[in-house]
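Protein chains in written order, with this note's numbering: chain A, 18 to 250; chain B, 293 to 846. Even for Gly, the Cβ is constructed at its ideal location relative to N, Cα and C. Shown next, in structure tokens, is the structure this report addresses.
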Amino acid sequence: MSSDQPFITDDSAVLTETRDARMGAERGDRFNSRLREAFGSSPFILTKFDKFMNWCRGSSMFMLQFGIACCSIEMMHTYAVKHDLDRFGSGVPRASPRQADVMIVPGTIVSKFAPRMKRVYDQMPEPKFVVGMGSCTISGGPFQEGYNVVKGAEEVIPVDIHVPGCPPRPEALVYGVAKLQERIANGEASPVTVKPYELEQFSDLERDELVDHLTDEIDEDDLVMRYNFADSP
Amino acid sequence: MSLEKPEADEAVVPADDAEDIAALLGENVIGREEHVNAPGFVVRPDAVQDTLSTLKDEAGYDHLSVVTAQEYENRYESIYHLKKYDDPTQEVSVVVPADKENPVSESGAGVFTTADWHEREAYDLVGIDYEGHPDLKRILLPETWQGHPLSMDYDQDQPQVVSLSEHANPLQDDYKDAESDTMFVNIGPHHPATHGVLHLKTTLDGEQVADVESDIGYLHRSEEQMAQNGTYRYQIMPYPDRWDYISAGLLNEYAYARAAEDLADIDVPEYAQVIRTMGAEMCRIAAHMLALATFALDVNGDFTATFMYAINDREQVQNLLEDLTGQRMMFNYFRLGGVVWDLPEPREEFFSKTRDFLDQLPESVEEYHDLLTSNEIFQMRTVDTGILPPEVAKDYGATGPVARGSGVDYDLRRDDPYGYYDELDWDVVTEDGCDNYARLLVRMREVEESAKIIEQCIDLLEDWPDEERTIQANVPRTLRPDDDTEIYRAVEAAKGELGIYMRADGTDKPARFKIRSPCFSNLQTLPEMAQGEYIPDMIAALGSLDIVLGEVDR
Ligand code: SF4
């Protein structure tokens, strides 16, 4: 601002001038947003608080920096130049689950990793959302027949959006994220998983041959996850 | 002319050589076998150490590529695939049978340190007990797993219980030793610096690393089982793309294609060889770019700039690869006997796009040198940290840029040529620094060599006469290699020697399919580089190893 401009003390004048500059004939393109259109010439909006919160939530999502398998490479590309997920208000991956509210699950989940993933999910503050990326998180994908593979992320945590593909192209992931934003803005909740594998204390497991066999190896109050592979879809 | 077939014959050690070895091993040998790549010596299960050290010290077989374990109807068997770093075409397999009821054989970990992990894997998946092994426990599957999944009587549907207790709380009292001030810290499996789902159990003494143990298997997707369930001709090829998934798909496909073609005696048309070579080198550029990008993230303060530049370059290679194969990452482009389709039409456009990319490459490499290698902070972090002396690298079976950064002049593209590599003019890059810096330099210079190779391939393809553009040999729809033929074949993938062992049993699926992953062996060297160093140097060392967990765990 040049120094010869008079210092304005009347703040209603400032407001008016600023608004005129934004709404007036010479307003720049950068103010030409849909939001501004919605506001019209009045600086007030009337909305329900819930709706406003949902809108904020969807427009500023903090993703969890979470790489598992091949899909995470495409996920990195989605965050980086060219596809630039940041354009959708969701481009800053957080390394800690405690700071994140969206988790993209990019890859195959195997028996050893599922308890850890569950733990990471549990550490995220509510409300939290999950995007399943790739066929592996839908059904186990190409590795569905594997002896060590959990048949989809929904066996462990609830998933809001499934993005199919092996791997999905970055465009597909962007679409998935946009869809999630839509759902959040509409206040839709994530579906409940039908038959999730839970983390539970070892002593709470139903006793059977396997559990008896393991009593020497695992402590009573250790957390465990029990896989009934025979019942998997 | 085909390059594949003659090699298969040359690779076998001439008969008198095999006789020499037999004489050297004396009465340890109880039988002989003939594998497609090498002579096999069946030795007594209690003479493994002796045999391996004789071969290592007196015959110069200083590279234990991999240990393959498998179960037969009447016995278990471990195969030690040995090579020479100086001349990898000289190979020998040491076959160790073990009793069906009580499979025990002597451990080779005392002779080759790399056998430590390989034998643990064999114990984990197949169930052979290695006597005298320093610490025989499961490596890929959780400790509480029941059964050995690649053994014959394994029931895949049985329930399993996996515990989370391994993740001890670092602040718990028993992990803090009151007198010596050491502390236990978990790094991973969900951690930005571990490049995926790796778990490092680190013991710290102040800020220095007293001990580090890698806990792997968080991405063990049963790749070997998947390949054993697939038919040679079509069903296996999609899987290699997913081993080293840093867009290095074609390099991995090359490993399978080479092994299967040698096993089934298939010749590949020269034109297809050139396309394969070109595609594979594009993948190498993409893979090294990502290695550079993530290494910069790990080490350098300026967070995303280098990363973004490198990803930008990767996008361009991926565009070319997409034009060629139709996919960005999971190409599934090779077929046994060639490639699935010809270059995209219009060819001129593809050539000019590729040339454009190659033309701007030196400039961007220069930019990386400005940003990284000549950056003082970067040099402080990487020069003389993460030292891996060449003898240690060999002992651990390190290959690829990790070995070449330690001055080990070993590159299968030159030493055991396949594809079109020996017709082209390029150099193997080595650096003598043995540190994190040297490993990065190797990768950056290899990108330039790859560009040279691609350029020559483009020139060749452009002038290739129309009527000689055969992209696939005539291969039967169903392949049934002869019963009981065994082969181990490797190629130089982005991370090093990627090898495949296959045993045919007369059906259209392999009876045993074993993947020798370079990252698995490279990762094993981490304690050597990290012990006694500061924590950030360990992170830098891990970054410079450029592991990809899909390939470590398979
Ligand atoms: S869906 Fe495909 S690309 Fe994604 S993690 Fe699974 S195998 Fe890899």
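At the level of alpha carbons, what is the spacing between residue i and residue j?
i: residue 632(B); j: residue 529(B); result: 11 Å
i: residue 625(B); j: residue 232(A); result: 49 Å
i: residue 773(B); j: residue 800(B); result: 7 Å
i: residue 541(B); j: residue 69(A); result: 46 Å
i: residue 296(B); j: residue 565(B); result: The pLDDT assigned to residue 296(B) is 41, lower than 50, so where the model puts this residue is not dependable; a value taken from the coordinates is nonetheless given after this. If I take the Cα positions, the gap works out to 10 Å.
i: residue 310(B); j: residue 317(B); result: 11 Å
i: residue 326(B); j: residue 478(B); result: 46 Å
i: residue 230(A); j: residue 451(B); result: 12 Å
i: residue 753(B); j: residue 563(B); result: 8 Å
i: residue 608(B); j: residue 102(A); result: 19 Å
i: residue 331(B); j: residue 525(B); result: 27 Å
i: residue 825(B); j: residue 246(A); result: 43 Å
i: residue 243(A); j: residue 532(B); result: 30 Å
i: residue 154(A); j: residue 684(B); result: 40 Å
i: residue 107(A); j: residue 403(B); result: 52 Å
i: residue 578(B); j: residue 538(B); result: 7 Å
i: residue 359(B); j: residue 726(B); result: 26 Å
Between residue i and chain A, is there a C-beta pair that is closer than 8 Å?
i: residue 454(B); result: yes
i: residue 443(B); result: no
i: residue 539(B); result: yes
i: residue 438(B); result: yes
i: residue 603(B); result: yes
i: residue 842(B); result: yes
i: residue 518(B); result: yes
i: residue 847(B); result: With chain B represented from 293 up to 846, any question about residue 847(B) goes unanswered, as that position is not in the structure.
Per DSSP, what kind of secondary structure is residue i in: helix, strand or coil?
i: residue 145(A); result: coil
i: residue 686(B); result: helix
i: residue 707(B); result: helix
i: residue 665(B); result: helix
i: residue 455(B); result: strand
i: residue 346(B); result: helix
i: residue 382(B); result: coil
i: residue 503(B); result: strand
i: residue 611(B); result: helix
i: residue 391(B); result: strand
i: residue 366(B); result: coil
i: residue 604(B); result: helix
i: residue 571(B); result: helix
i: residue 301(B); result: In this predicted model, residue 301(B) has a pLDDT of only 41, less than 50, meaning its place in the structure is not dependable; the value taken from the coordinates is given anyway. The answer is helix: DSSP assigns residue 301(B) an H, G or I state.
i: residue 588(B); result: helix
i: residue 422(B); result: strand
Would you say residue i faces chain B, with C-beta separation under 8 Å as the test?
i: residue 156(A); result: no
i: residue 116(A); result: no
i: residue 185(A); result: no
i: residue 149(A); result: no
i: residue 104(A); result: no
i: residue 79(A); result: no
i: residue 112(A); result: yes
i: residue 122(A); result: no
i: residue 245(A); result: yes
i: residue 138(A); result: no
i: residue 193(A); result: no
i: residue 170(A); result: no
i: residue 163(A); result: yes
i: residue 202(A); result: no
i: residue 196(A); result: no
i: residue 128(A); result: yes
i: residue 20(A); result: Summary for residue 20(A): the model assigns pLDDT 47, below 50, so the residue's position carries little reliability, and this model does not support an answer.
Considering only heavy atoms of the ligand SF4, does any lie closer than 7 Å to the CB of residue i?
i: residue 481(B); result: no
i: residue 537(B); result: yes
i: residue 681(B); result: no
i: residue 849(B); result: Residue 849(B) falls outside the range modelled here, since chain B spans only 293 to 846, and no answer is possible.
i: residue 534(B); result: yes
i: residue 152(A); result: yes
i: residue 617(B); result: no
i: residue 125(A); result: yes
i: residue 159(A); result: yes
i: residue 811(B); result: no
i: residue 88(A); result: yes
i: residue 575(B); result: no
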